[in-house]
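**Student:** Those sequence lines, one after another, are chains V and G. Read in order, the letters of the first sequence correspond to residues 140 to 406 in this note's numbering. Read in order, the letters of the second sequence correspond to residues 68 to 417 in this note's numbering.
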Amino acid sequence: MSAAAGRPGDTPAVVVRDLHVSLGGTPVLAGIDLTVAAGEWVTVIGPNGAGKSTLLRVVGGLLPASGGVSLFGTPIGSLRRRDRARIVATVAQSPVVPPGMSVLDYVLLGRTPYIPPLGRESAADLAAVHEVLGRLDLGGFAQRELATLSGGERQRVFLARALAQGATLLLLDEPTSALDIGHQQEVLELVDQLRREHGLTVVATMHDLSIAGEYADRLVLLAAGRVAAAGTPREVLTERLLAEHYRATVRVVDGEHGPLVVPVRRP
Amino acid sequence: MSRPAGLRPRWLVGGVVAVLVALVAGVSLGPVTLPPGSVAAELLNLLPGVHLESGLSEREIAIVTELRLPRVVLGLLVGGLLALAGGCYQGVFRNPLADPYLLGVAAGAGLAVTAVIALGGAGTEGALTGLPLTIPLAAFVGSLGAVALTYLLGAAGGRSRSPAMLILAGVAVSAFLSAGQTYLLQRNADSIQAVYSWLLGRLATAGWHDVLLVLPYAVLTTVVVLLHGRELDVLSVGDDEASSLGLHPQRSRYLLIAAASLGTAAAVSATGLIGFVGIIVPHTVRLLAGSSYRVILPLSLLFGAAFLALTDVVARTAAAPAEIPIGVVTALLGGPFFVLVLRTARRVLT
């Protein structure tokens, strides 16, 4: 358990109670319960179509849902959009990169919840953005066109935009799916460092189970719209659970920080 | 410290200068060519508290203020509106091909005007002069009716409604209304010429009453759209991102479509269908001055105004004493010009 995780009595960052979501008449989530303590890193894993991204969208307020979702004790439905945007920031799986937009302008979009409607950014907004760019070693990229950056650099810029939002809850949908293994580590180390320095709460979805287990305090295994297992990586990443829900043949070996999942050829 | 994208002063000055040049050129040139300096002096005299000696005769002053100025001003208004609406639609739909006619505006106006001319019993040349108010009114009602129909169809997708749904609805509505117009024309072949002379765009008969008809809508559209430049920049990253940043993308989209459509309908009702301005002006601005809507929108307004007013000069001088329909000139001049911009900008960018 990480030291940053919430103390007993703290309001949890996320509480999901009996959440049901149907998309186009098809039930996608069927009775999800989930609590994420403030400062915790929880990663949602599960096979394709399990409902991971949908869960993240509901927590981020992008999908209405029957059932209760509360952020830091407030029901998400009673939050105004601007207020919600100051609490929770989402980095989508593959964010749209508008042609011609500079890194500075893209990160500045993160200040939207602080800019009055139809107004323009203040000097304070600009200062906040430059501070975030500096912290993420993006100072030299400010005037570069976002579309010209490499995958790893872009992912840092997406994170910068989320940080500029000043939210304490960070939702990351497949933050590393487009990156090579070195950049995956670089981005996740950065997220972990930011989490510790700023007391952020992180809820992510991931496909790479070993990496998911390395960085998360807890894993939630989603299968067919339900929570199939939840707990520490050691509790969730077992050969039996992965065989049952992923239909995968794997060996789970002990690593330095947690279990490592190695796929093996089927007999 | 680096600066965010914004309207650079030199571009703003450039746009204002372009409008002033178009204004003076538009008023000076014609069957009777007047010296630009005198025209500029006479135009300044219209401002309160200015009394300059222009050296123009009474008759020439009348040509300036009663004949040419309303036409040039209407050209400026319509050009600015069409270009602004085009830039706005491109942002709202995140589609570079969006233009003011996308949502059925042209087809609706076309059908309504055809119906008035063909069925109004005035199926001859006299129609346009005989029905001075009915035709703009029909065009206005027709455009807005078509846009409303497009909204309804586009929203029928329920929760899956998206920019693409609305565009598809616009295509369907346009096809349907155009078919209706073709049918009417075929049944009333004697009114074809009157209908087409309106459809191809006309500034020739413009008077101050046309300007006053368009002005309120132009002001409303301009204010609403220009205020949303930043929001359009946020919308460019997608609806999900925009709403997770605290905006209501669908609400902004409908407001902006309504504002741009109202402006387009007003422009169409005054001057007929003038194509191309709504696409080439915003794209030229985007390629040359920057891709933020805080740059594109105000500059499209200014350069669109100047472009149409100057095009009108060509339309009435190139084949004098005859006039070429302005819609023909915008496409003939605009097409090659845009290809030129596209090629040079690409060379600069890559």
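A virtual CB, placed ideally from N, CA and C, is assigned to each residue, including glycine. Remember, it's a predicted structure, so these values are computed and weren't measured experimentally.
For the segment 336–355 of chain G and the segment 398–405 of chain G, state whether three or more C-beta atom pairs, one from each stretch, are separated by less than 8 angstroms.
**Tutor:** Flag = yes, the segment 336–355 of chain G and the segment 398–405 of chain G touch.
**Student:** Does any residue of chain G have a CB that is nearer than 9 angstroms to the CB of V/Q294?
**Tutor:** Counted from its first residue, the first sequence places residue 294 of chain V at position 155. No, its Cβ sits nowhere closer than 9 angstroms to a Cβ of chain G.
**Student:** Comparing alpha-carbon positions, which option in G/G221, G/G116, G/L251 lies nearest G/A179?
**Tutor:** Position 112 of the second sequence, counted from the start, is the residue given in the question as residue 179 of chain G. Minimum Cα distance to G/A179 is reached at G/L251.
**Student:** Comparing the C-beta of G/S367 with each C-beta of chain V, is any distance below 9 angstroms?
**Tutor:** Taking the first residue of the second sequence as position 1, residue 367 of chain G is located at position 300. G/S367 does not count as touching chain V.
**Student:** Kindly indicate which residue of V/G338, V/E313, V/L376 has the alpha-carbon position closest to the one of V/L195.
**Tutor:** Here residue 195 of chain V refers to the residue found at position 56 of the first sequence. The shortest C-alpha separation from V/L195 is found at V/E313.
**Student:** If we ignore side chains and look at the alpha-carbon of each, how far apart do V/A316 and V/P186 end up?
**Tutor:** One-based indexing of the first sequence puts residue 316 of chain V at position 177. One-based indexing of the first sequence puts residue 186 of chain V at position 47. The question names Ala, but residue 316 of chain V is Ser in the sequence shown. For V/S316 and V/P186, the distance between alpha carbons rounds to 14 angstroms.
**Student:** Using a Cβ cut-off of 7 angstroms, pull out every chain V residue sitting near G/V304, in sequence order please.
**Tutor:** As a working note, residue 304 of chain G is residue 237 in the second sequence. Correct list: P234, V235, P237, L248.
**Student:** Just checking: is the beta-carbon of V/S349 within a distance shorter than 9 angstroms of some beta-carbon in chain G?
**Tutor:** For the purposes of this step, residue 349 of chain V is taken as residue 210 along the first sequence, with counting starting at 1. False, the Cβ-Cβ gap to chain G never drops below 9 angstroms.
**Student:** Just by C-beta distance, which residues in the segment 338–367 of chain V are closer than 9 angstroms to chain G?
**Tutor:** Listed by position along the chain: nothing, the set is empty.
**Student:** Applying a beta-carbon distance threshold of less than 8 angstroms, which residues of chain V neighbour G/H295?
**Tutor:** In the second sequence, the residue the question calls residue 295 of chain G occupies position 228. Under the 8 angstroms cutoff, chain V gives L257.
**Student:** Considering only residues of the segment 356–393 of chain G, which uninterrupted alpha helix (DSSP H) runs meet the minimum length of 4 residues and lie entirely inside it, listed in chain order?
**Tutor:** Listed in chain order, they are 360–384.
**Student:** Tell whether a beta-carbon distance below 9 angstroms holds between V/V197 and V/K191.
**Tutor:** As a position in the first sequence, residue 197 of chain V is number 58, starting the count at 1. As a position in the first sequence, residue 191 of chain V is number 52, starting the count at 1. Going by C-beta atoms, V/V197 is not nearer than 9 angstroms to V/K191.
**Student:** Verify the contact flag: V/E260, CB atom, against every heavy atom of the ligand ADP, threshold strictly below 8 angstroms.
**Tutor:** As presented, the structure is devoid of all ligands, the ligand ADP included, so that no description of it is given.
**Student:** If you measure from the beta carbon of V/R274 to each beta carbon in chain G, is any gap under 9 angstroms?
**Tutor:** The residue you call residue 274 of chain V lines up with position 135 of the first sequence. Cβ-Cβ to chain G under 9 angstroms: no for V/R274.
**Student:** Quick check: what's the CA-CA separation for V/G170 versus V/S289?
**Tutor:** If you number the first sequence from 1, residue 170 of chain V lands on position 31. If you number the first sequence from 1, residue 289 of chain V lands on position 150. Distance between the alpha carbons of V/G170 and V/S289: 40 angstroms.
**Student:** Compile a chain-ordered list of the residues in the segment 313–339 of chain G whose CB is closer than 7 angstroms to at least one CB of chain V.
**Tutor:** Listed in sequence order: G313, L314, H315.
**Student:** Taking the alpha-carbon positions, what's the V/L318 to G/A326 distance?
**Tutor:** Residue numbering aside, residue 318 of chain V sits at position 179 when the first sequence is read from its first letter. Residue numbering aside, residue 326 of chain G sits at position 259 when the second sequence is read from its first letter. Distance between the alpha carbons of V/L318 and G/A326 is about 43 angstroms.
**Student:** Do V/V175 and V/P151 have their C-beta atoms closer together than 9 angstroms?
**Tutor:** Looking up residue 175 of chain V in the first sequence gives position 36. Looking up residue 151 of chain V in the first sequence gives position 12. Against a cut-off of 9 angstroms, the Cβ pair of V/P151 and V/V175 comes out as a contact.
**Student:** When you check each C-beta in the segment 185–200 of chain V against every C-beta of chain G, which residues fall closer than 8 angstroms?
**Tutor:** Flagged, chain order: R196, G199, G200.
**Student:** Thinking C-beta only, is V/L272 closer than 9 angstroms to V/G278?
**Tutor:** Within the first sequence, the letter at position 139 stands for residue 278 of chain V. Within the first sequence, the letter at position 133 stands for residue 272 of chain V. A contact, by the Cβ cut-off of 9 angstroms.
**Student:** Note the first and the last residue of the continuous alpha helix (DSSP H) segment covering G/G177.
**Tutor:** What you label residue 177 of chain G is simply residue 110 of the second sequence in a count that begins at 1. Taken as a continuous stretch (DSSP letters only), the alpha helix (DSSP H) holding G/G177 covers 172–186.
**Student:** Along chain V, in chain order, which residues have C-beta atoms closer than 9 angstroms to that of G/V301?
**Tutor:** In the second sequence, the residue the question calls residue 301 of chain G occupies position 234. Within 9 angstroms Cβ-Cβ: L248, T251.
**Student:** Helix, strand or coil, according to DSSP, for G/R269 in the structure here?
**Tutor:** Walking along the second sequence from the start, residue 269 of chain G turns up at place 202. Coil at G/R269, not helix or strand.
**Student:** State buried or exposed for G/A194, treating a residue as buried only when at least 16 other CB atoms are found within 10 Å of its CB.
**Tutor:** Sequence index remark: in the second sequence, residue 194 of chain G carries index 127 (1-based). Because G/A194 carries a pLDDT of 43, less than 50, the predicted location of this residue cannot be relied on, and the following value inherits that uncertainty. Flag for G/A194 reads buried.
**Student:** For V/H384, does the three-state DSSP call read helix, strand or coil?
**Tutor:** Along the first sequence, one-based indexing puts residue 384 of chain V at 245. In the structure shown, V/H384 sits in a helix (DSSP, three-state: H, G or I).
**Student:** Look at the alpha carbon of G/T181 and the alpha carbon of G/Q248, and state the distance between them as a whole number of angstroms.
**Tutor:** As a working mapping, residue 181 of chain G is identified with position 114 in the second sequence. As a working mapping, residue 248 of chain G is identified with position 181 in the second sequence. Cα to Cα, the separation comes out at about 6 angstroms.
**Student:** Is it the case that the Cβ atoms of G/L323 and G/L287 are separated by a distance below 9 angstroms?
**Tutor:** As a position in the second sequence, residue 323 of chain G is number 256, starting the count at 1. As a position in the second sequence, residue 287 of chain G is number 220, starting the count at 1. In this structure, G/L287 does not lie closer than 9 angstroms to G/L323 by Cβ.
**Student:** Kindly list, in the order they appear in chain G, the residues whose Cβ is closer than 8 angstroms to that of V/T165.
**Tutor:** Against the first sequence, residue 165 of chain V aligns to sequence position 26. Result: empty, since nearest Cβ-Cβ is about 13 angstroms, beyond 8 angstroms.
**Student:** How many whole angstroms separate the CB atoms of V/P402 and V/P372, which I take to be in contact at a CB cut-off of 8 angstroms?
**Tutor:** As a first step, residue 402 of chain V must be located in the first sequence, where it is residue number 263. As a first step, residue 372 of chain V must be located in the first sequence, where it is residue number 233. Contact flag wrong, Cβ pair sits at about 17 angstroms.
**Student:** Can you tell me the Cα-Cα spacing of G/A185 and G/L280, whole angstroms?
**Tutor:** Taking the second sequence and counting its residues from 1, one reaches residue 185 of chain G at position 118. Taking the second sequence and counting its residues from 1, one reaches residue 280 of chain G at position 213. Their Cα atoms are separated by approximately 24 angstroms.
**Student:** Using alpha carbons as the reference points, say which of V/A263, V/Y354, V/D347 lies closest to V/L329.
**Tutor:** Mapped onto the first sequence, residue 329 of chain V falls at position 190. Nearest of V/A263, V/Y354, V/D347 to V/L329, Cα basis: V/Y354.
**Student:** Give me the residue from G/T217, G/F160, G/V290 with the minimum Cα distance to G/A231.
**Tutor:** Here residue 231 of chain G is taken as the residue at index 164 of the second sequence, counted from 1. For the residues G/T217, G/F160, G/V290, the minimum Cα distance to G/A231 belongs to G/F160.
**Student:** Report the neighbours of V/T229 on chain G: residues whose CB is nearer than 8 angstroms to its CB, in chain order.
**Tutor:** Position 90 of the first sequence, counting from 1, holds the residue named residue 229 of chain V. Here the neighbours are D307, E308, S311.
**Student:** Hey, V/D424 and V/G206 are a contact pair by Cβ (cut 8 angstroms); roughly how many whole angstroms apart?
**Tutor:** Residue 424 of chain V is absent from the structure shown; chain V starts at 140 and stops at 406.
**Student:** Check the Cβ of V/A224 against every Cβ in chain G and list those closer than 9 angstroms, keeping chain order.
**Tutor:** Indexing the first sequence from 1 puts residue 224 of chain V at position 85. The answer, in chain order, is S310, S311, L312, G313, L314.
**Student:** Using a cut-off of 9 angstroms between C-beta atoms, extract the partners of V/L311 located in chain G.
**Tutor:** The sequence position of residue 311 of chain V within the first sequence is 172, counting from 1. Near V/L311 there are no residues of chain G at all, since even the closest Cβ is about 13 angstroms away, more than 9 angstroms.
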